[in-house]
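Since the structure comes first, as structure tokens, the remarks are kept for the end.
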Amino acid sequence: MGKKPAERVLADTEAMAFQASIRTSPRKLNLVAASIRGLKAETAMHSLTFSKRRVAEIVKKVLQSAIANAENNHQLDVDRLYVAEAYVGKAMVMKRWRARARGRVGRIEKPFSNLTVIVREREEATGE
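If you're matching positions, the sequence shown starts at -5 in the numbering used here and goes up one per residue.
Structure below.
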């Protein structure tokens, strides 16, 4: 009884990790995500470890989760993984206000973002 299992959205050589409601703007988060797109997983981890941006620590955790998912859930070779996709989406925006002169209000927006990282296993190099 019950529901049938959902079809796998990703290919057999891919694994994904998703983090919702990261307290930073999508624009700032996308700068870090863009810096690891297409890199080998190990190189991306080193890059994030030594990045000066605050949000790089969160991106690193999501990448570690994607690598762990690839290894434990999908039996992929960790040494052949690379960051196939890293994309950012908008989440909620908390609205706050700040008192200004003459009884007016200054609006403060505190944006949140979502991050998705997909790692893929590279095919073996043939013919060399």
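Every residue gets a Cβ at the ideal spot worked out from N, C-alpha and C, and that includes glycine.
Coarse secondary structure for Ala9, derived from DSSP in three states: In the structure shown, the three-state DSSP call for Ala9 is strand.
Residue closest to Val49, alpha-carbon to alpha-carbon, out of Pro20, Val72, His68, Gly97: Checking every option, the nearest Cα to that of Val49 belongs to Pro20.
N-terminal and C-terminal residue of the beta strand (DSSP E) that Thr110 is part of: That run of the beta strand (DSSP E) goes 99 to 115.
Start and end residues, alpha helix (DSSP H) containing Lys84: Boundaries around Lys84 are those of the beta strand (DSSP E), 75 to 93, since no alpha helix (DSSP H) includes it.
Residue burial classification, Glu1 (beta-carbon count within 10 angstroms, cutoff 16): Counting Cβ neighbours within 10 Å, Glu1 comes out exposed, since fewer than 16 surround it.
Minimum C-alpha distance to Glu79 - residue among Met10, Gly(-4), Val3, Arg47: Looking at the Cα atoms, Met10 is the closest of the given residues.
For Ala14, the three-state DSSP class (helix, strand or coil): Ala14 falls in the strand class under three-state DSSP.
Delimiting residues of the alpha helix (DSSP H) encompassing Met(-5): No alpha helix (DSSP H) contains Met(-5), which DSSP labels as neither H nor E.
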